[in-house]
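In the working numbering, the protein residues as written are 3 to 505. Presented below is the structure to which this report refers.
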């Protein structure tokens, strides 16, 4: 099997991966890199999902790239527009010749003696290609592309109609004039129901517990005015910071005072619904931002209810029956099509088998460092974006931090950068406080965070920007050594004295 020498392997051709590739192209033009993508096209999430109404649930001025401002008038954008935008960035920064589509990374082995990764990718015909790289940047997302969370419902084989999971939407599914049941209350359900309701006879959302659903304009009038007045890059930066700071302030206020935020959000929902609508279906059990708040651009979800084309039922599914679904209350909801919008299945590290110096490495046994690198894994970044803000805000910082690390290695004549730690002696906690089902289900398989800087996950762009772009790379925790030199931390010791968060 041939080996291809390269400076950096980037995994993933979606927003996270292309962000990493673009920052390499801009800031380290002499470095060689390749982008490996397991699918046959670019776009990642925005190529995979094809369900009706697929769109962003964050504004594109923050979900888009900082270096390639979003110019479309729609702040909340359709999936096809987002994929086209990623393609435009690929061409703008000369990344297309570096793309290897249909190359699924299956393993990555680090050797400290050589200070190199051996990254093995498999093509569709089974042929394997090995890249020998100085740095491995994983921008492959956080969920399993091949399998969604798809619980088995009793009696599923008895249902006379069609059962569909949004992650694998049939290309020619005809739901016009049909009765549809959507099981789930998360962002996917809230996104697809308004579009399906346009032509379906009726769409019923069946939820075990409600979500907060907030209506907001699909277009940002202030942003569009700024884009008409200012040069593109200046307008893009201004709008991005406007949205970052506005949403940050709102989220912090809600989390600080949920007793005030909760009735406010429920009140907004009530104002958007028909008079007298049963508010138990829009009164969540959880506090604001314990789960992501769902977005209804231009109130499309509520408009479908006003038109009588959609409704919400709060109950558990007892079983499928030939004519639809039977709920725990005994109610039967008739359906021709059942959509199981039951969530994602998280997949750590894109399913890649990692080894460090011959030893299997499991990300669940690591502690995340500065939100981008992982304890005792050299020359390695894995992007895990924000759950309470636009994912790509964190991906952008992770890419820029990788560039800083590579520059620092070059400046020192070093080969290895590793956040070394005696993990067994560290006090750690979950890296996520979200209570969404897809997070809770995967909690035991995720990396952990420490309780002190720089091992904490902040979920805050302003804080992370200071840490990742302003603090010295050589901080006493990140070890920078030559190939073959020891970097491991002995049990009972630490890489550096602990400092308070933010210190």
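C-beta: ideal position from N, C-alpha, C; glycine also. If you're wondering where the values come from, they're calculated on a predicted model, not measured in any experiment.
Neighbour-count burial assignment, residue i, 16 or more Cβ in a 10 Å radius
i, result
"residue 360", "exposed"
"residue 308", "exposed"
"residue 505", "Note that residue 505 has pLDDT 33, beneath the 50 cutoff, so the model's placement of it is unreliable and no number is given."
"residue 192", "buried"
"residue 417", "buried"
"residue 25", "buried"
"residue 352", "buried"
"residue 154", "exposed"
"residue 373", "buried"
"residue 495", "Caution is warranted here: a pLDDT of 46 is assigned to residue 495, below 50, making its placement in the model unreliable, and the coordinate value is therefore given only provisionally. Label assigned to residue 495: exposed."
"residue 393", "buried"
"residue 331", "exposed"
"residue 121", "buried"
"residue 178", "exposed"
"residue 471", "exposed"
"residue 236", "exposed"
"residue 248", "exposed"
"residue 47", "buried"
"residue 458", "buried"
"residue 220", "buried"
"residue 423", "buried"
"residue 464", "exposed"
"residue 261", "exposed"
For residue j and residue i, the rounded distance between their alpha carbons
i, j, result
"residue 497", "residue 428", "Low confidence applies to residue 497: its pLDDT is 45, below 50, so where it sits in the model is not reliable, and the reading given next is rough at best. Those two C-alpha atoms are separated by around 11 Å."
"residue 581", "residue 212", "There is simply no residue 581 to check, as the chain begins at 3 and stops at 505 in what is shown."
"residue 34", "residue 61", "33 Å"
"residue 502", "residue 455", "Interpretation of residue 502 is limited by its pLDDT of 34, a score under 50 that renders its predicted location unreliable; the figure taken from the coordinates is listed afterwards. Going by the C-alpha atoms only, they are around 6 Å apart."
"residue 482", "residue 58", "39 Å"
"residue 339", "residue 401", "42 Å"
"residue 377", "residue 365", "9 Å"
"residue 499", "residue 491", "Any reading at residue 499 must be qualified, since the residue scores a pLDDT of 33, below 50, and its modelled position is unreliable; the value itself is stated next. So the two alpha carbons sit approximately 13 Å from each other."
"residue 238", "residue 71", "5 Å"
"residue 23", "residue 396", "15 Å"
"residue 349", "residue 144", "6 Å"
"residue 324", "residue 336", "9 Å"
"residue 67", "residue 316", "38 Å"
"residue 466", "residue 451", "14 Å"
"residue 253", "residue 7", "45 Å"
"residue 240", "residue 21", "20 Å"
"residue 306", "residue 11", "46 Å"
"residue 477", "residue 489", "15 Å"
"residue 231", "residue 413", "41 Å"
"residue 314", "residue 250", "30 Å"
"residue 9", "residue 16", "20 Å"
"residue 1", "residue 298", "No answer is possible for residue 1: the residues shown for the chain start at 3 and end at 505."
"residue 322", "residue 273", "34 Å"
"residue 295", "residue 344", "16 Å"
"residue 426", "residue 368", "10 Å"
"residue 509", "residue 164", "Look at the range of the chain in this structure, 3 to 505, and you will see that residue 509 is not part of it."
"residue 398", "residue 233", "22 Å"
"residue 176", "residue 285", "33 Å"
Residue i and residue j closer than 8 Å at C-beta
i, j, result
"residue 389", "residue 185", "no"
"residue 199", "residue 181", "no"
"residue 201", "residue 183", "no"
"residue 114", "residue 362", "no"
"residue 302", "residue 196", "yes"
"residue 217", "residue 279", "no"
"residue 13", "residue 107", "yes"
"residue 112", "residue 357", "yes"
"residue 63", "residue 242", "yes"
"residue 419", "residue 407", "yes"
"residue 189", "residue 96", "no"
"residue 229", "residue 73", "yes"
"residue 109", "residue 354", "yes"
"residue 245", "residue 75", "no"
Residues bridged to residue i [DSSP beta-bridge criterion]
i, result
"residue 465", "None, per the DSSP bridge assignment."
"residue 383", "139"
"residue 322", "327"
"residue 354", "Its beta-bridge partners do not exist; DSSP assigns none."
"residue 316", "209"
"residue 375", "371"
"residue 218", "299"
"residue 29", "According to DSSP, which records beta bridges pairwise, residue 29 is partnered with nothing at all."
"residue 181", "204"
"residue 110", "121 and 356"
Closer than 8 Å to chain C by CB, residue i
i, result
"residue 266", "In summary, chain C is missing from the structure at hand, where a single protein chain is found."
Problem set entry | Three CB pairs or more closer than 8 Å across the segment 88-106 and the segment 35-48 | Contact holds: three or more Cβ-Cβ distances are below 8 Å.
Exercise. Quick check: the segment 136-151 against the segment 378-385, are there 3 or more CB pairs under 8 Å?
Worked result: Under the three-pair Cβ rule at 8 Å, the segment 136-151 counts as touching the segment 378-385.
For this session: Count the C-beta pairs between the segment 44-57 and the segment 72-86 that are closer than 8 Å, then say yes if the count reaches three, no if not.
Result: Contact between the segment 44-57 and the segment 72-86 is present, because at least three Cβ pairs lie under 8 Å.
Exercise. Is it a yes or a no for the segment 254-264 touching the segment 275-295, going by three-plus beta-carbon pairs under 8 Å?
Worked result: Flag = yes, the segment 254-264 and the segment 275-295 touch.
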